[in-house]
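I have placed the structure first, in the form of structure tokens, so that the comments after it can refer back to it.
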Amino acid sequence: MTGPVPTEPQPIEVVQPAATPTTRRVDLERGTGIAPYTAVLWDLDGTISDSAPGILNSLRAVLSSYGLPIPGDAELLKHVGPPIHETFAAYGLDPIEATERYRTIYRESDSFIGDPYPGVLQVIRDVHAAGIPQSTATSKPESSAAVILESYGVADQFLTITGASDDEVRSAKADVIEEALRRLDVAGVDLSNVLMIGDRFYDVQGSAAHGVPAVYVSWGYGRLGEEAGSVAVADSAERLRAFLALD
92 MTGPVPTEPQ PIEVVQPAAT PTTRRVDLER GTGIAPYTAV LWDLDGTISD
142 SAPGILNSLR AVLSSYGLPI PGDAELLKHV GPPIHETFAA YGLDPIEATE
192 RYRTIYRESD SFIGDPYPGV LQVIRDVHAA GIPQSTATSK PESSAAVILE
242 SYGVADQFLT ITGASDDEVR SAKADVIEEA LRRLDVAGVD LSNVLMIGDR
292 FYDVQGSAAH GVPAVYVSWG YGRLGEEAGS VAVADSAERL RAFLALD
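Take the sequence shown: its letters are residues 92 to 338, numbered as in my numbering.
As structure tokens, this is what we get:
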């Protein structure tokens with residue numbers, strides 16, 4: 092097995108949607124898109140954590156170890172967000188074996204814990220301080236998500252850290268969101284006005300499947316069009332704070 096393949100950074104130009112001044116009201120089973128919210132769900136990669144450097148380097152290493160050509164960064168970036176085993180299946184690899192290889196490389200990588208996006212950790216702290224229960228809803232393995240949030244010093248701001256199960260049985264975004272909602276419900280959280288925050292269409296569509304509106308953040312790994320169906324687009328932590336009515 093080879094380690095991460097060093098490459099020169101490639102510029103990635105991705106067109107993102109323009110920010111919206113406010114959220115729009117919707118009438119979903121578990122949310123209106125308008126503050127005050129009774130609970131908040133967070134994606135991790137591309138929303139809280141700039142994890143792309145570690146993920147892309149590890150993807151390159153896995154593909155190289157199988158003798159496959161290495162796509163450019165713009166193509167690899169499309170695989171940040173969905174369950175990683177789906178990526179390897181798309182390349183014709185055994186998804187279980189390739190995922191195990193990927194996780195070993197990724198966890199040993201110097202960039203396993205990416206940098207948090209500017210201002211986002213403070214938003215998480217402020218949501219907690221406002222008494223609003225929070226959970227992650229990430230397709231990253233739950234154990235890895237916990238390590239990253241602990242390193243950021245915000246793990247205790249979440250009522251529950253929900254992610255993919257280690258066996259990947261629960262990894263699709265809609266399934267992870269369903270589990271996050273179940274855990275919050277068991278904890279007695281009011282789920283009448285929940286909001287999802289994420290950077291990919293997986294977040295928007297996965298939350299909608301459970302009647303939860305989503306705010307799309309444009310600092311992550313999505314691109315123009317992925318915001319379709321969201322109630323707003325945030326281009327900064329400050330704008331997100333305003334959407335959450337934290338000021």
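Even glycine gets a Cβ: it sits at the ideal position worked out from N, Cα and C.
On a predicted model such as this, the values are computed, not experimentally measured, just so you know.
- Excluding sequence positions up to five before and after Leu159, its CB lies within less than 7 Å of the CB of Tyr182, all in the same chain and listed in chain order.
- The beta-carbon separation of Leu282 and Arg121, rounded to 5 Å, stays under the 8 Å limit for a contact.
- It is roughly 6 Å from the alpha-carbon of Leu135 to the alpha-carbon of Thr229.
- Within the stretch 254-334, the complete beta strand (DSSP E) segments at least 3 residues long are 285-289, 305-308, 323-325, listed from N- to C-terminus.
- With a minimum length of 3 residues, there is no unbroken run of beta strand (DSSP E) contained wholly in the stretch 163-224.
- Look at Asp136 here: in three-state DSSP terms it is strand.
- Per the C-alpha coordinates, the member of Asp206, Gly302, Val218 positioned closest to Ala336 is Val218.
- Nearest C-alpha to Ala237 among Ile204, Asp258, Ala110: Ile204.
- The beta carbon of Lys231 sits closer than 7 Å to those of Leu135, Asp136, Gly254, Ala255, all from its chain and outside the five residues before and after it, given in chain order.
- Distance from the CA atom of Asp258 to the CA atom of Val214, rounded to whole angstroms, is 32 Å.
- In the three-state reduction of the DSSP assignment, Ala130 falls in the strand class.
- Gly122 sits in a strand when the DSSP states are folded into three classes.
- DSSP, read as helix, strand or coil, puts Asp141 in strand.
- Secondary structure note for Ile239: its alpha helix (DSSP H) is the uninterrupted segment 233-243.
- Take Asp338, set aside five residues on each side of it, and the residues of its chain with a beta-carbon closer than 8 Å to its own are Arg332, in chain order.
- Around the beta-carbon of Leu154, 16 or more other beta-carbon atoms lie within 10 Å, marking it buried.
- Per the Cβ contact rule, the stretch 104-111 is in contact with the stretch 314-325 (3 or more Cβ pairs under 8 Å).
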